[in-house]
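Below is one structure; the comments refer to it alone.
Protein chains: 2
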Amino acid sequence: MTDVANAAGVSLKTVSRVVNEEPGVRPETAALVDDAIERLGFRRNDMARALRRGQRSRTLGLVIEDVSNPFYSAITRGVEEVARKRGLLVIAGSSDEDPHRERELIHMFCERRVDGLLVVPAGDDHRYLLRELELGTRAVFIDRPPGKLRADVVLLDNVGGARSAVEHLLAHGHRRIGMIGDEKTIFTAVERLRGYREGLERAGIDVDDSLVRLGAHDAEAAESATRELLSLPKPPTALFAGNNRIAVGALRALSLNLKRVALVGFDDLELAELLALPATVVSYEPAELGREAAKLLARRLAGDERPPQRIVLPTALIARGSGEVRR
Amino acid sequence: MTDVANAAGVSLKTVSRVVNEEPGVRPETAALVDDAIERLGFRRNDMARALRRGQRSRTLGLVIEDVSNPFYSAITRGVEEVARKRGLLVIAGSSDEDPHRERELIHMFCERRVDGLLVVPAGDDHRYLLRELELGTRAVFIDRPPGKLRADVVLLDNVGGARSAVEHLLAHGHRRIGMIGDEKTIFTAVERLRGYREGLERAGIDVDDSLVRLGAHDAEAAESATRELLSLPKPPTALFAGNNRIAVGALRALSLNLKRVALVGFDDLELAELLALPATVVSYEPAELGREAAKLLARRLAGDERPPQRIVLPTALIARGSGEVRR
DNA sequence: TTGAAAGCGCTAACAT
DNA sequence: ATGTTAGCGCTTTCAA
């Protein structure tokens, strides 16, 4: 900026005025400055600017499990849309479900003075964030509430969605309904299990724990869990898959299996309607999770000090075939 | 930092030494400082640090078309992996194929002093970047070369991949092979068209332009283009789909159609093997594009001044059924 | 081993 | 309408 001032033969402050479109600069002077800016290829240094103004970096920090998973990339997209409208940029990082990595990312985000944090939390203890929150970094959690911390969170109706899946299968005559779920350290896995149980119990059916397999964190694990269930002496006639990766694994296992088993998944799948067994799923708008969370964060940054919010987004069952296989 | 110094009863510089693990601090003094840091919840301000050290923000700026497209989210993941190893963070933004938006993003990235730029370019003129490059921002392009600018780029073997798709269809007896491609403003669309032509010409078959439909930028457009081709008086017996969205659209159209038409797509599809018509595709590792580009950028940032590189990644045809439908 | 002072690029407050 | 000065939070240089 000093260089521009010298080149234009004006003072530093005048350049600053022009760059920031402040009033009180004669058009001719401004032209002189613009000219020098163009010649020198000057770009305002936002770091210095933010430093001086006591601002943060006009950036949102997003921690997700894995950008390359469609669920998380949709969230990222939703966050980005809202951020963009407010002139904010998004730094995203994948935690791979590792609490240590999550903490490391958040630490780096805070050192870079992000304006706010959006986190799909891994692990069950987020008290380490208290410090950052006290220091003025706002945070909104996505998809799962944080552990041992009261904070804003945007969730899916996991229990209701899972229940609707089970009810759908019950309505098609199934009584032996199995479930394959993710690690029980993961909030959504536990909630969906709860919805599964509720659905059965409301129909007066005892939950048979031998039909429940948790701990399947990837498609491969889900595929073998499905095979296990199917090779039981009295196998289930229907399955509820706790998330997209699990549904993929279950579909693979079922495609190699001659028996027809009904399947409802949680999370929509791309191309679900074109599958050999078009997948019936509990669906919702994943980008909406990102959008709602980013909007809530934006409100906080704008000074909203109401007590922690809990936003729950609805789910809808989409019947495509795999869930309508009758017993 | 001043606060910490006061709380610990030492000078600013001593705190700086402790925070940066510089030598020459007595353990007891360091303990005093660490204590104060803990009490006050101090976090080093990276903006101020970078400003003083004449550094940039230890951040990479990534411009892609749309994070929620699996192709781009895989690239993002690849970039992130490499960045992480080097202690860098990634700011990503979606251009939605809009050159203006791309420029806006790059401008914001430069204002925030990203260390380097990774860009999947939209539009055909990137001379506006010359300025930034001269000022020391390094850039590597991904998937498409920039327009009117010599720069590092990491590409796919589009021509070879498209040719292999056509050759595969020829080997299965097809002679009337249609192609559906993206906008002709997009580099990969043009290259893949070239590969398609080459494949036919090498086999001594004249290209029939009535079997080629370009301009399909989403699945819906691809779906209707496919229907158009199929309702021709002499319809093609096989199709080459220029990218993942187009393959999805083509698959939808084919699923409603009784005739069996062979299909090979460019880009792999999730669940491709579980589709009613398991998709034969030209595949490659999209994350590798991101990784290679980020590595090349890292080399540039480390001082590598060799002339612009052009890295081309191979493709491989994966036969799953849809491409083996015989004429 | 520790500290004081200067300055990175910018803006806020106050001159002129 | 334009310029001067101080200082954001840190590191660098030099001194004690």
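Listed in order, the protein sequences are those of chains A and B. Using my numbering, the letters of the first sequence correspond one by one to residues 2 to 328. Using my numbering, the letters of the second sequence correspond one by one to residues 2 to 328. Here a beta-carbon is modelled for each residue, glycine too, at the ideal position from N, C-alpha and C.
Of the residues the options, the one placed nearest residue i, counting alpha carbons only
| i | options | result |
| --- | --- | --- |
| residue 282 (chain A) | A:292, A:291, A:269, A:256 | A:269 |
| residue 98 (chain A) | A:325, A:264, A:219 | A:219 |
| residue 120 (chain B) | B:132, B:88, B:94, B:222 | B:94 |
| residue 202 (chain A) | A:319, A:226, A:186, A:163 | A:163 |
| residue 192 (chain A) | A:322, A:215, A:209, A:175 | A:215 |
| residue 313 (chain A) | A:320, A:322, A:292, A:61 | A:292 |
| residue 134 (chain A) | A:145, A:19, A:280, A:152 | A:152 |
| residue 232 (chain A) | A:246, A:212, A:245 | A:212 |
| residue 266 (chain B) | B:58, B:168, B:23, B:288 | B:168 |
| residue 132 (chain B) | A:286, A:44, A:194, A:322 | A:44 |
| residue 311 (chain A) | A:294, A:229, A:25 | A:294 |
| residue 309 (chain A) | A:85, A:110, A:139, A:113 | A:139 |
| residue 288 (chain A) | A:200, A:157, A:48, A:230 | A:157 |
| residue 186 (chain A) | A:177, A:147, A:210 | A:147 |
| residue 198 (chain B) | B:260, B:178, B:188, B:306 | B:178 |
| residue 337 (chain B) | B:246, B:245, B:258 | An answer regarding residue 337 (chain B) cannot be provided, because it is not within the stretch 2 to 328 covered by chain B. |
| residue 195 (chain B) | B:110, B:89, B:183, B:159 | B:159 |
| residue 323 (chain A) | A:224, A:280, A:161, A:182 | A:280 |
| residue 46 (chain B) | A:85, A:19, A:58 | A:58 |
| residue 297 (chain B) | B:19, B:12, B:327, B:143 | B:143 |
| residue 161 (chain A) | A:28, A:327, A:315 | A:315 |
Buried versus exposed call for residue i [16 or more other C-beta atoms within 10 Å across all chains shown]
| i | result |
| --- | --- |
| residue 301 (chain A) | buried |
| residue 127 (chain A) | buried |
| residue 81 (chain B) | buried |
| residue 108 (chain A) | exposed |
| residue 273 (chain B) | buried |
| residue 66 (chain A) | buried |
| residue 166 (chain B) | buried |
| residue 55 (chain A) | exposed |
| residue 101 (chain A) | exposed |
| residue 21 (chain B) | exposed |
| residue 205 (chain A) | exposed |
| residue 114 (chain B) | buried |
| residue 3 (chain B) | exposed |
| residue 207 (chain B) | exposed |
| residue 200 (chain A) | buried |
| residue 122 (chain A) | buried |
| residue 190 (chain B) | buried |
| residue 224 (chain A) | buried |
| residue 88 (chain A) | exposed |
| residue 305 (chain B) | exposed |
| residue 25 (chain A) | exposed |
C-beta contact flag for residue i and residue j at 8 Å
| i | j | result |
| --- | --- | --- |
| residue 155 (chain B) | residue 290 (chain B) | yes |
| residue 150 (chain A) | residue 130 (chain A) | yes |
| residue 255 (chain A) | residue 276 (chain A) | no |
| residue 284 (chain A) | residue 263 (chain A) | no |
| residue 243 (chain A) | residue 180 (chain A) | yes |
| residue 271 (chain A) | residue 271 (chain B) | yes |
| residue 136 (chain B) | residue 91 (chain B) | no |
| residue 103 (chain B) | residue 79 (chain B) | no |
| residue 16 (chain A) | residue 299 (chain A) | no |
| residue 188 (chain A) | residue 145 (chain A) | yes |
| residue 226 (chain A) | residue 48 (chain B) | no |
Beta-bridge partners of residue i, as assigned by DSSP
| i | result |
| --- | --- |
| residue 312 (chain A) | A:155 |
| residue 1 (chain A) | There is simply no residue 1 (chain A) to check, as chain A begins at 2 and stops at 328 in what is shown. |
| residue 180 (chain B) | B:213, B:241 |
| residue 94 (chain B) | B:64 |
| residue 319 (chain A) | A:282 |
| residue 1 (chain B) | Here chain B has residues from 2 to 328 only, and residue 1 (chain B) is not among them. |
| residue 276 (chain B) | A:276 |
(message) Quick check: the stretch 207-222 of chain B against the stretch 241-251 of chain B, are at least 3 beta-carbon pairs closer than 8 Å?
(response) Three or more beta-carbon pairs separated by less than 8 Å link the stretch 241-251 of chain B to the stretch 207-222 of chain B, which places the two stretches in contact.
(request) Answer yes if the stretch 170-184 of chain A comes into contact with the stretch 226-241 of chain A, meaning at least three C-beta pairs across the two stretches below 8 Å, and no otherwise. (result) The stretch 226-241 of chain A makes contact with the stretch 170-184 of chain A: 3 or more CB pairs, one atom from each, lie closer than 8 Å.
(request) Could you tell me whether the stretch 68-83 of chain B touches the stretch 56-75 of chain A, using the rule of 3 or more Cβ pairs below 8 Å? (result) Yes, they touch.
(request) Could you say if the stretch 28-38 of chain B and the stretch 6-18 of chain B meet the contact criterion of at least three C-beta pairs nearer than 8 Å? (result) Counting C-beta pairs with one atom in each stretch, the stretch 28-38 of chain B and the stretch 6-18 of chain B have three or more that are closer than 8 Å, which means they touch.
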